[in-house]
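What follows is one structure encoded as structure tokens, with my remarks underneath.
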Amino acid sequence: MGRPASGSHNSWRPLWDDMAPRVVFIRSKSPAGLEPRLAKEAATLAREGYEVHAVLWDRERAFRAEETRDGIRIHRYQLLAPEGQPELAALLPRWWWYAFRRVASLRPDVVHAVAFDTIVPGYAAARFAGAKVVYDIFDFYAEMVTADVPPRIRHALTMWERAMIGKADLVILPDLRRKEQFGSVRPKRLAEIMNVPENRGVAGKTEDPDHFVVFYGGMISKDRGLIDLVVACEATGARLLVAGHGPDEAALLDTIETSPASTYLGTIPYEEVLDRTANCNAVAVLYDPKVPNNRFAAPNKLFEAMMFSKPVIVSEGSAAAELVREVGCGVVVPYGDRVALTRALESLMLSPSESSEMGARGRRAFETKYNWRAMEPLLLESYRAVLAEPSAR
1 MGRPASGSHN
11 SWRPLWDDMA
21 PRVVFIRSKS
31 PAGLEPRLAK
41 EAATLAREGY
51 EVHAVLWDRE
61 RAFRAEETRD
71 GIRIHRYQLL
81 APEGQPELAA
91 LLPRWWWYAF
101 RRVASLRPDV
111 VHAVAFDTIV
121 PGYAAARFAG
131 AKVVYDIFDF
141 YAEMVTADVP
151 PRIRHALTMW
161 ERAMIGKADL
171 VILPDLRRKE
181 QFGSVRPKRL
191 AEIMNVPENR
201 GVAGKTEDPD
211 HFVVFYGGMI
221 SKDRGLIDLV
231 VACEATGARL
241 LVAGHGPDEA
251 ALLDTIETSP
261 ASTYLGTIPY
271 EEVLDRTANC
281 NAVAVLYDPK
291 VPNNRFAAPN
301 KLFEAMMFSK
311 PVIVSEGSAA
321 AELVREVGCG
331 VVVPYGDRVA
341 LTRALESLML
351 SPSESSEMGA
361 RGRRAFETKY
371 NWRAMEPLLL
381 ESYRAVLAEP
391 SAR
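For the sequence shown, counting from 1, position 17 maps to 17 in my numbering; every step adds exactly one.
Here it is in structure tokens:
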């Protein structure tokens with residue numbers, strides 16, 4: 001495999017230097033050591049011959065400060081931080097200073113900033129090093145925040161993020177429908193890289209042969225319909241498994257953990273998330289559409305369910321609902337309507353053949369379109385195009 005060509009060299013490298021382009025990812029989290037979407041993108045570039053680094057914030061100090069995974073050299077900032085609490089904002093300047101210094105010291109050709117809370121130090125480090133900037137938007141920040149933020153602050157965040165979208169050399173979206181959130185800003189280059197998994201095969205054994213098992217793996221947040229799921233499972237006799245962490249654990253976990261219908265697994269490794277998905281009967285993907293960002297949500301868990309031939313339960317008014325209707329791989333319910341959710345769950349439980357057919361339709365769509373192998377060429381082509389352009393420095 002030949003080395004990727006670079007049309008630019010940063011200020012520390014001589015013009016005759018033909019080393020593989022160096023890419024540095026920045027992410028202000030380190031769940032499971034390296035979260036799945038970042039890991040897929042980074043591993044794809046590493047396999048193509050790029051030198052890949054990841055600068056992460058380990059908020060729980062749960063992993064080694066330095067390690068290498070799948071050809072990705074990981075550097076972690078080990079500063080304890082409260083998840084989803086106001087005190088987190090006070091620690092951002094320390095994280096930004098660390099990220100700027102660490103990224104600049106690596107002398108990258110490309111800085112790949114994931115989410116708004118990394119684009120600030122990422123853009124500064126890229127300009128300092130003469131590197132290109134890739135802005136990978138998992139969620140539009142101002143519309144993702146569910147806390148009671150004053151409108152003027154939310155507006156300021158929106159305008160700031162849109163300004164960074166205009167400055168980046170490449171913007172990556174998981175769904176092009178999110179362009180609506182850009183306002184009048186037009187990025188220099190835009191790519192759609194969907195948040196889809198690598199193929200892991202088909203479903204395994206049943207999680208619990210005596211119960212219909214619903215699995216939710218994701219953020220523990222009030223806008224994910226978790227209490228509604230508990231109530232629906234209690235009413236139908238289904239069993240709910242919940243995995244993950246998030247800002248509303250204090251408000252939600254007591255109900256989840258004390259209900260006879262649900263079990264909280266805590267934060268689990270990604271491989272276990274896949275195992276739980278493969279062995280459940282249905283996957284829950286409920287997002288409150290009143291949160292603007294949720295209307296564009298088509299998360300990884302949806303495509304993981306499709307990969308393992310599992311029907312999904314999704315909420316009306318989201319990108320996930322549009323996809324589920326298009327493919328026919330699950331049921332759509334109004335968010336917050338516990339009666340409708342209970343009936344939908346009952347329909348899946350009482351019609352195993354229809355549930356199985358929904359899962360089969362999801363699997364066929366995964367094989368033809370919604371898989372990481374289909375995304376890899378798009379990512380690599382976008383990187384080649386960015387590196388072929390002359391540097392600003």
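Cβ atoms here follow ideal geometry from the backbone N, Cα and C, with glycine treated the same way.
Note that the coordinates shown come from a computational prediction; the quantities given were computed from them, not determined experimentally.
- By the neighbour-count criterion, in which a residue is buried when 16 or more other Cβ atoms sit within 10 angstroms of its Cβ, Leu-34 is buried.
- Contact holds between the region 274–292 and the region 216–236, because three or more Cβ pairs, one in each stretch, are under 8 Å apart.
- For His-112, the beta-bridge partners assigned by DSSP are Phe-25 and Val-134.
- Residue Arg-59 holds the alpha-carbon nearest to the alpha-carbon of Glu-87 among Leu-106, Arg-59 and Ile-74.
- Taking 8 Å as the upper bound for CB-CB distance, Val-324 and Val-332 are in contact here, some 6 Å apart.
- As the crow flies, the alpha-carbon of Asp-139 is around 17 Å from that of Phe-25.
- For Arg-325, no pairing in a beta bridge is given by DSSP.
- Buried is the label assigned to Ser-318, since at least 16 other Cβ atoms lie within 10 Å of its Cβ.
- Inter-residue distance for Asp-337 and Thr-236 is about 15 Å (C-alpha atoms, whole angstroms).
- Going by DSSP, Val-312 is part of the beta strand (DSSP E) stretching over 312–315.
- According to the DSSP assignment, Phe-182 belongs to no alpha helix (DSSP H), since it is labelled neither H nor E.
- For Leu-226, the enclosing alpha helix (DSSP H) starts and ends at 226–236.
- In terms of CA proximity to Arg-47, Asp-70 leads the group Asp-70, Val-55 and Ala-54.
- One Cα belongs to Ser-262, the other to Val-52, and the distance between them is close to 40 Å.
- Rounded to the nearest angstrom, the gap between the Cα atoms of Pro-260 and Arg-37 is 33 Å.
- Measuring C-alpha to C-alpha distances from Gln-181 to each of Val-111, Glu-67 and Met-159 identifies Met-159 as the nearest.
- For the region 55–82, there is no continuous alpha helix (DSSP H) assignment of 4+ residues that stays within its boundaries.
- Assignment of Thr-263 by DSSP, reduced to helix, strand and coil, places it in the strand class.
- The shortest C-alpha to C-alpha distance from Val-196 to any of Arg-177, Leu-157 and Asn-300 is the one to Asn-300.
- In this structure, Ala-298 is the residue among Thr-118, Leu-341, Ala-298 and Met-306 with its C-alpha nearest to the C-alpha of Glu-322.
- Arg-295 and Ile-72 have their alpha carbons spaced roughly 33 Å apart.
- For Glu-192, there is no enclosing alpha helix (DSSP H); the residue is part of the beta strand (DSSP E) that begins and ends at 190–192.
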